[in-house]
Every structure is written in C-alpha cells, then in structure tokens.
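Report on one structure; see the data block that follows.
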Amino acid sequence: MLDFDKMNGLVPAIIQDADTAKVLMLGFMNREAYDKTVETGKVTFFSRTKNRLWTKGEESGNFLNVVSMKEDCDKDTLLIQVHPVGPVCHTGTDTCWGEKNEQPVMFLKLLQDFIDKRHAEMPEGSYTTSLFQSGVNKMAQKVGEEAVETVIEACNGTDERLIYEGADLLYHLIVLLTSKGYRIEDLARELEERHSADWKKH
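15 is the number of the first residue of the sequence shown in our numbering; add one for each residue after it.
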C-alpha cells in the first residue's frame with residue numbers, strides 16, 4: 015500500500031518510456047489521482063498549481079498510456095512505465111529535460127520479444143516461422159550467408175548496404191539464438207563480462 019502520508023497526501027511519480035527506458039517527466043499523485051490512473055490506464059496527476067486532478071494530455075491529446083506501475087521499497091514513490099502519445103513536456107520536447115525520447119538499441123529487446131512470440135505461436139505465412147521450421151542447420155547457414163554479405167558490403171559496397179546487410183545478420187542471429195533457447199541479452203551479458211578488467215578468455 016502506497017504511503018501518501020509521508021508527503022502530506024502526495025507521492026512523486028517518475029514517468030518512464032516502457033520501450034526506450036528514457037525518464038520522461040516527474041509528477042505528483044494523491045490517492046484520487048492514483049486511483050483514476052489505475053481505472054483509466056492514462057496517467058493522472060494532482061496539479062499543485064491548479065489544485066486539482068490533471069490527466070496528462072487532457073488538453074493536448076499527448077496522453078501517457080500506462081504499461082506498468084511499481085512502488086519503490088519505501089512505498090512512497092511510483093515508477094510508471096508508459097507509451098507516450100506525442101511529446102511529453104509542455105514546451106514541446108520529448109522529455110522535461112529537453113532530451114530526445116529515443117534509444118534505438120532498446121528496439122533489439124522488442125525485436126527479441128517479437129521473435130519469441132513467433133517461436134511460441136508459429137503463425138502461418140510468417141518468414142520467421144519458416145526459418146524456425148527449416149531447422150537449426152538452415153538457420154545457421156542463413157546467418158553465415160548474411161555474415162558474408164555484410165563483409166562484402168564492408169569491403170566493396172556502400173555504407174547504406176553495410177547497415178542493411180548488418181541488420182539482416184543481426185535479425186537472423188537472433189532467430190538462431192531463439193531456436194536454441196537464448197536471447198540477445200545473453201550475448202550482451204557475455205560482452206559485459208568480457209568488458210570486466212579481470213575477464214580472461216576461455
């Protein structure tokens with residue numbers, strides 16, 4: 015249960031983009047604002063300047079659609095992950111710190127989740143499904159083909175084609191990893207371990 019008494023009926027609510035992990039803004043909620051947020055799925059604050067409830071986007075249309083809500087260990091602060099509609103700050107910027115709300119590397123997690131879903135559901139007509147159905151040897155061969163194409167573009171092609179073929183390579187590698195029960199995060203963990211000063215090659 016959230017502790018609204020510690021700050022005279024209010025708790026700070028940190029708003030974070032669920033996909034990019036960027037912190038978008040900070041607002042305050044009273045119990046009524048919290049209940050309305052839970053009920054509607056759109057973030058509602060208690061405005062200290064207007065002295066009333068305020069649903070973000072009620073005038074601009076730039077709503078904050080709730081993905082998850084978590085209390086901190088002291089139960090006096092909220093972390094709310096959202097899918098924002100449009101810029102978040104009243105100044106027109108993506109965040110209240112003037113940052114761009116983008117973190118392209120985070121898309122790899124979304125892609126991994128999508129490929130996991132394909133692996134679980136195996137919908138007909140999906141290219142990813144056809145890869146899984148072709149077996150590990152074919153998937154591994156496809157990774158090899160894409161690696162060769164990436165090398166060719168790096169040595170004798172254009173930067174645009176290098177990025178294109180590199181993306182193909184990464185996609186097919188994620189599919190192969192998924193078929194073996196792993197995720198792209200497993201590669202990230204391996205690289206993180208290698209980055210340690212005391213890492214030694216196996």
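Where is the CB? At the ideal position from N, CA and C, for every residue including glycine.
Nearest neighbour of residue i, chosen from the options [CA to CA]
{"i": "G71", "options": "M153, E85 and T51", "result": "T51"}
{"i": "A161", "options": "R175, E179 and M153", "result": "E179"}
{"i": "T58", "options": "K84, G106 and I29", "result": "I29"}
{"i": "F1", "options": "E159, T192, L183 and A168", "result": "The first residue shown for the chain is 15 and the last is 216, placing residue 1 beyond what the model contains."}
{"i": "T63", "options": "D130, V81 and F42", "result": "F42"}
{"i": "A154", "options": "H186, C169, T172 and H133", "result": "H186"}
{"i": "N13", "options": "K56, D88, D49 and C87", "result": "With the chain covering 15 to 216 only, the question about residue 13 has no answer from this structure."}
{"i": "V184", "options": "A168, E174 and T164", "result": "Val is not the amino acid found at residue 184; the sequence shown has Leu there. Per the Cα distances, T164."}
{"i": "H133", "options": "D49, Y196, R175 and A181", "result": "Y196"}
{"i": "L78", "options": "V37, A202, E174 and S144", "result": "V37"}
{"i": "G158", "options": "E174, D182, N170 and S144", "result": "D182"}
{"i": "S74", "options": "N65, G106 and D49", "result": "G106"}
{"i": "T69", "options": "A211, S144 and D49", "result": "D49"}
Close Cβ partners of residue i (< 7 Å) along its chain, the five nearest in sequence each way excluded
{"i": "N44", "result": "F18, G23, L24 and F60"}
{"i": "Q95", "result": "Q30, A32, V81 and S82"}
{"i": "D108", "result": "P101, V102, K114 and N115"}
{"i": "A47", "result": "T58, F59, F60 and L67"}
{"i": "T142", "result": "I129, R132 and V189"}
Residues of its chain near residue i, where Cβ-Cβ distance is below 6 Å and the 5 sequence neighbours each way are ignored
{"i": "E207", "result": "W213"}
{"i": "A27", "result": "G41, M43, L92 and I94"}
{"i": "I198", "result": "L122, Q126 and I188"}
{"i": "C110", "result": "M39 and C103"}
{"i": "R175", "result": "E167"}
{"i": "C169", "result": "none"}
{"i": "K156", "result": "H186"}
Rounded Cβ spacing between residue i and residue j (contact assumed at less than 8 Å)
{"i": "M120", "j": "T54", "result": "M120 to T54, Cβ: 26 Å. No contact."}
{"i": "I188", "j": "L125", "result": "6 Å"}
{"i": "M15", "j": "K89", "result": "7 Å"}
Beta-carbon proximity list for residue i, same chain, < 8 Å, skipping 5 on both sides
{"i": "K131", "result": "none"}
{"i": "V150", "result": "L190, S193 and K194"}
{"i": "Q147", "result": "M136"}
{"i": "S140", "result": "R132"}
{"i": "D200", "result": "L191"}
{"i": "N65", "result": "none"}
Classification of residue i by the beta-carbon crowding that lies within 10 angstroms, buried from 16 upward
{"i": "L205", "result": "exposed"}
{"i": "H209", "result": "exposed"}
{"i": "K215", "result": "exposed"}
{"i": "K20", "result": "exposed"}
{"i": "T172", "result": "exposed"}
{"i": "P277", "result": "Absent from the model: residue 277. The displayed extent of the chain is 15 to 216, so no value can be given."}
Check: residue i C-beta below 7 Å from any heavy atom of the ligand SAH
{"i": "R132", "result": "Ligands are entirely absent from the displayed structure, and the ligand SAH is therefore not among its contents."}
Would you mind listing the beta strand (DSSP E) stretches within the stretch 85-170 that are 3+ residues and don't spill past its ends, in chain order? 92-98
Continuous beta strand (DSSP E) assignments of at least 3 residues falling wholly in the stretch 31-65: 37-43 and 58-61
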